Every structure is written in C-alpha cells, then in structure tokens.
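Reading the sequence shown from the start, the letters are residues 511 to 631 in this note's numbering.
See structure below.
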Amino acid sequence: MCAVFGGIYCLRHSVQCLVVDKESGKCKAIIDQYGQRIISKHFLVEDSYLSENTCSHVQYRQISRAVLITDRSVLKTDSDQQISILTVPAEEPGTFAVRVIELCSSTMTCMKGSCKHNRVW
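Have a look at this one:
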C-alpha cells in the first residue's frame with residue numbers, strides 16, 4: 511500500500527539524521543549514510559532502531575495491524591476467487607474503525623484453499 515499512496519521504501523539506507531522543522535517539529539527530510547538528502551513529510555520506523563534519548567522526544571501515533579491466514583472467507587460465498595474489503599465501524603466517538611482486506615489464493619498472497627486477511631485498526 512505504500513506505493514499506492516506515493517510512498518517509497520528506502521531499503522538498505524541507514525538513516526544518519528532527520529531534518530526537522532524547528533517550528534512544527536515535523537520531519538522535512540532524511541539524510542542517509544551516503545549523505546543523500548531524501549525529502550519526506552513522514553518518517554516511519556520501528557522504535558528499536560532509535561536511541562532512548564530520541565524516543566523520549568517522539569510524538570507517537572499508533573497503528574495496529576494483523577495479518578491472518580484462514581481456511582475460509584469472512585463472507586459466505588460459493589467462489590474461492592474473491593477479494594473483499596470490510597469496514598467495522600468504530601464503537602465509540604473518538605475511536606477508529608477496523609478495516610479488513612481479504613485476499614484469496616488467486617492473488618498469490620496465500621496457499622490455495624486459504625485466505626489472507628490484513629486488518630488495520
């Protein structure tokens with residue numbers, strides 16, 4: 511989904527520093543180990559890659575995600591060749607909906623006879 515929204519993965523590029531706007535505190539760019547400046551509005555990383563000092567100044571927003579492989583679809587159907595999108599509404603104001611994307615084996619994301627579910631909440 512990263513590419514769908516114009517994102518770019520920078521694999522095998524160690525981050526040497528972040529360029530942060532002094533007023534907003536938001537990321538403006540990333541400098542990699544080669545000295546290349548990569549302009550970015552967002553920087554996503556698992557916090558174990560950051561120093562404890564850096565983590566103490568980070569403003570966290572959380573995304574929970576699960577990838578599940580099941581033996582059948584969440585929807586009743588006779589076909590095993592389907593892609594489904596399901597949204598479970600938020601239970602309370604201020605909370606978020608759960609979005610489920612279900613992929614069948616014809617998408618080459620799971621074995622024949624199973625379904626892959628990506629859940630984000």
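The beta-carbon is built from N, C-alpha and C at its ideal position, and this holds for glycine as well.
Quick caveat: nothing in here was measured; it's all calculated off a predicted structure.
In terms of CA proximity to Y559, S524 leads the group S524, K532 and M618. By the criterion of a C-beta distance shorter than 6 angstroms, L585 is surrounded in its chain by S594, once the five residues flanking it on both sides are discounted.
Here I549 is exposed: its Cβ has fewer than 16 other Cβ atoms, across all protein chains shown, within 10 Å.
In the structure shown, the three-state DSSP call for T617 is helix. The three-state secondary structure of S594, taken from DSSP, is strand. Per DSSP, reduced to three states, the secondary structure at T605 is coil, with no helix or strand assignment.
Judged by DSSP secondary structure, T564 falls within the alpha helix (DSSP H) whose first and last residues are E562 to C565.
When the alpha-carbon of D542 is set against those of Y519, S534 and Q592, the nearest one is in Y519. By the Cβ-count criterion, I579 is exposed, with fewer than 16 other Cβ atoms from all chains shown falling within 10 Å of its own Cβ.
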